[in-house]
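Going down the list, the protein sequences come from chains P and U.
So the first sequence is numbered by my numbering: it starts at 1 and just counts up by one.
So the second sequence is numbered by my numbering: it starts at 174 and just counts up by one.
See structure below.
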Amino acid sequence: MAAATDDAGDSNEMIRVVSSDGEHFEMPEAAANLSLVLRHMIEDDCADAAGIPLAVVAAKPLAKIVDYCTKHAAKSSGLTIEEAEELKRFDAEFIEVDTDMLYDLLVAADFMGVEGLSKLAVQRTADLIKGKTPEQNRETFGIVNDFTPEEEEEICKENEWAFQITKPPSRLC
Amino acid sequence: MAGHEMASQSPVAALTDDLLAEIFIRLPTPEDLVRASAACVSFRRLVTDRSFLRRFRSLHAPPLVGFLDHKGFHPALPPHPSAPAARAVSDAADFTLSFLPSPGSWMVRDVRDGRVLVDRDPEAESGGSDEPLIFTEIAVCDPLRRRFLLLPPIPDDLASSVERPAHVHLERWCEPFLAPRS
Numbered sequence: 001m002a003a004a005t006d007d008a009g010d011s012n013e014m015i016r017v018v019s020s021d022g023e024h025f026e027m028p029e030a031a032a033n034l035s036l037v038l039r040h041m042i043e044d045d046c047a048d049a050a051g052i053p054l055a056v057v058a059a060k061p062l063a064k065i066v067d068y069c070t071k072h073a074a075k076s077s078g079l080t081i082e083e084a085e086e087l088k089r090f091d092a093e094f095i096e097v098d099t100d101m102l103y104d105l106l107v108a109a110d111f112m113g114v115e116g117l118s119k120l121a122v123q124r125t126a127d128l129i130k131g132k133t134p135e136q137n138r139e140t141f142g143i144v145n146d147f148t149p150e151e152e153e154e155i156c157k158e159n160e161w162a163f164q165i166t167k168p169p170s171r172l173c
Numbered sequence: 174m175a176g177h178e179m180a181s182q183s184p185v186a187a188l189t190d191d192l193l194a195e196i197f198i199r200l201p202t203p204e205d206l207v208r209a210s211a212a213c214v215s216f217r218r219l220v221t222d223r224s225f226l227r228r229f230r231s232l233h234a235p236p237l238v239g240f241l242d243h244k245g246f247h248p249a250l251p252p253h254p255s256a257p258a259a260r261a262v263s264d265a266a267d268f269t270l271s272f273l274p275s276p277g278s279w280m281v282r283d284v285r286d287g288r289v290l291v292d293r294d295p296e297a298e299s300g301g302s303d304e305p306l307i308f309t310e311i312a313v314c315d316p317l318r319r320r321f322l323l324l325p326p327i328p329d330d331l332a333s334s335v336e337r338p339a340h341v342h343l344e345r346w347c348e349p350f351l352a353p354r355s
């Protein structure tokens, strides 16, 4: 993505950010403005050549976020139907990530205040949870079952109706 | 090279409550919510939180679990998606309303949001008067929790101000109903 996007804001300046593990990234100002945190830093003149340090965002998720913001900033206003469709396809492919990356994106998007990405990651996580048994959810997300056997039995009994999944035959809980 | 400092095996479970709530609120059905909550203690604590449940309910229309008429409760049956929940409700609730005083003398008038509106003519039991009462005795019941609330009677002076009421249905003067929550 070139720095000069025609209608991407009042400046074509590139904004530099630095990940928690010291990697440098660049994105157009309009892309950085999709992050509430970066926008405030830019407004406060904190964006200099050294780059804005993002202490809790590692290089891997930050690279994804720079991609996301750059794509969305370039297509921010006056979308045709085809462009909107294309952006939707981009989002769908973008969020096809493993659960570790999904976690990183959830945390980073929330921290950086990138609303669209936050919603995308949250929805993706909900989609992964729905239609699954508690055991399947534990497997997907590496969750440790920390209920006592008594608590577990009580939950099963209380909510028997919800565990009767008719779709795939699987263990209940 | 990557990475957050999370050494834990369960990064998603380590999300803040706010983020987890945002995820759970987007689950499409109550069944999904219940199953998600059964994964671990922190999920369960969050999902059973009253303010979270209020939010979830406000975003998800309550499922249709069945109909109630003078013959009792008719739960949704398979393959209706609510069938398992309907059977659970049917097993757990008392739709004969046996917890009311003088059970059997009440008529179901309306059902809404899990509450049942019933009424009766208290004078009908003791032989009664020739004309049915204009204002019957009214109660709101929760068959699931076996609770009821008798509504205060319309004061006599107010009741007597009603002149020449028209029958609305057979022997009835008034048709009580439950108003939807605004």
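Idealized CB from N, CA, C, for every residue including glycine.
Since the structure is predicted, the reported quantities are computational estimates derived from the model, not experimental observations.
Beta-carbon gap between residue i and residue j smaller than 7 angstroms
i: V122 of chain P; j: E195 of chain U; result: yes
i: V207 of chain U; j: A162 of chain P; result: yes
i: S118 of chain P; j: V57 of chain P; result: no
i: M27 of chain P; j: V66 of chain P; result: yes
i: A332 of chain U; j: F308 of chain U; result: yes
i: H72 of chain P; j: L34 of chain P; result: yes
i: E29 of chain P; j: E43 of chain P; result: no
i: D191 of chain U; j: L219 of chain U; result: no
i: D292 of chain U; j: L306 of chain U; result: no
i: A108 of chain P; j: P61 of chain P; result: yes
i: F321 of chain U; j: L273 of chain U; result: yes
i: D91 of chain P; j: L120 of chain P; result: yes
i: F268 of chain U; j: F246 of chain U; result: yes
i: K75 of chain P; j: E82 of chain P; result: no
i: V97 of chain P; j: I52 of chain P; result: no
i: L250 of chain U; j: C314 of chain U; result: no
Residue burial classification, residue i (beta-carbon count within 10 angstroms, cutoff 16)
i: P276 of chain U; result: exposed
i: S210 of chain U; result: buried
i: T166 of chain P; result: With a pLDDT of only 49 at T166 of chain P, under 50, the local geometry of the prediction cannot be trusted, and no value is derived from it.
i: L237 of chain U; result: exposed
i: F25 of chain P; result: buried
i: V232 of chain P; result: Since the first and last residues shown for chain P are 1 and 173, residue 232 of chain P lies out of range.
i: G239 of chain U; result: buried
i: S255 of chain U; result: buried
i: R354 of chain U; result: exposed
i: R260 of chain U; result: buried
i: V262 of chain U; result: buried
i: I95 of chain P; result: buried
i: I15 of chain P; result: buried
i: D242 of chain U; result: exposed
i: C69 of chain P; result: buried
i: P257 of chain U; result: buried
i: T221 of chain U; result: exposed
i: A312 of chain U; result: buried
i: L79 of chain P; result: exposed
i: R124 of chain P; result: buried
i: K157 of chain P; result: exposed
i: L102 of chain P; result: buried
i: A63 of chain P; result: exposed
Proximal residues of chain P, C-beta to C-beta of residue i below 9 angstroms
i: D205 of chain U; result: A126, I129, K130, G131, K132, A162
i: A258 of chain U; result: W161, A162
i: L188 of chain U; result: Y103, L106, V107, D110, T125
Residues that residue i bridges to, as DSSP identifies them
i: P53 of chain P; result: P:V18
i: C314 of chain U; result: U:V289, U:F321
i: H40 of chain P; result: None; H40 of chain P has no bridge partner.
i: P28 of chain P; result: P:M14
i: F246 of chain U; result: U:L241
i: V283 of chain U; result: Per the sequence shown, the amino acid found at residue 283 of chain U is Asp instead of Val. D283 of chain U pairs with U:L290.
Contact list for residue i against chain U, beta-carbon separation under 7 angstroms
i: D110 of chain P; result: L192
i: I178 of chain P; result: In this structure chain P extends from 1 to 173, so residue 178 of chain P is not present and cannot be described.
Supposed contact pair residue j and residue i - C-beta distance, whole angstroms, cut 8 angstroms
i: G113 of chain P; j: L54 of chain P; result: With a Cβ gap of about 12 angstroms, G113 of chain P and L54 of chain P do not count as contacting.
i: A59 of chain P; j: D21 of chain P; result: 5 angstroms
i: T99 of chain P; j: F141 of chain P; result: 6 angstroms
i: P325 of chain U; j: V289 of chain U; result: That pair is no contact at about 18 angstroms.
i: A212 of chain U; j: N137 of chain P; result: 5 angstroms
i: K130 of chain P; j: L193 of chain U; result: The pair is not a contact, with the Cβ atoms about 15 angstroms apart (cut-off 8 angstroms).
i: D283 of chain U; j: P235 of chain U; result: The pair is not a contact, with the Cβ atoms about 16 angstroms apart (cut-off 8 angstroms).
Contact set between residue i and chain P, taken where Cβ atoms lie within less than 7 angstroms
i: V214 of chain U; result: D146, F147
i: A209 of chain U; result: I129, N137
i: E195 of chain U; result: V122
i: A261 of chain U; result: E160, W161
Partner residues on chain P for residue i, Cβ-Cβ distance less than 8 angstroms
i: L200 of chain U; result: A126, I129, K130
Residues that residue i contacts on chain U, provided the C-beta gap is smaller than 9 angstroms
i: I155 of chain P; result: V207, S210, A211, R217
i: I65 of chain P; result: Neighbours of I65 of chain P on chain U: none; closest Cβ ~14 angstroms, over 9 angstroms.
Any non-hydrogen atom of the ligand FMN within 6 angstroms of residue i CB
i: R293 of chain U; result: Among the components modelled here there is no ligand, and therefore nothing to report on the ligand FMN.
Contacts that residue i makes with chain U (C-beta to C-beta distance below 8 angstroms)
i: I95 of chain P; result: By Cβ distance, chain U contributes nothing, its closest Cβ being about 13 angstroms from I95 of chain P, past 8 angstroms.
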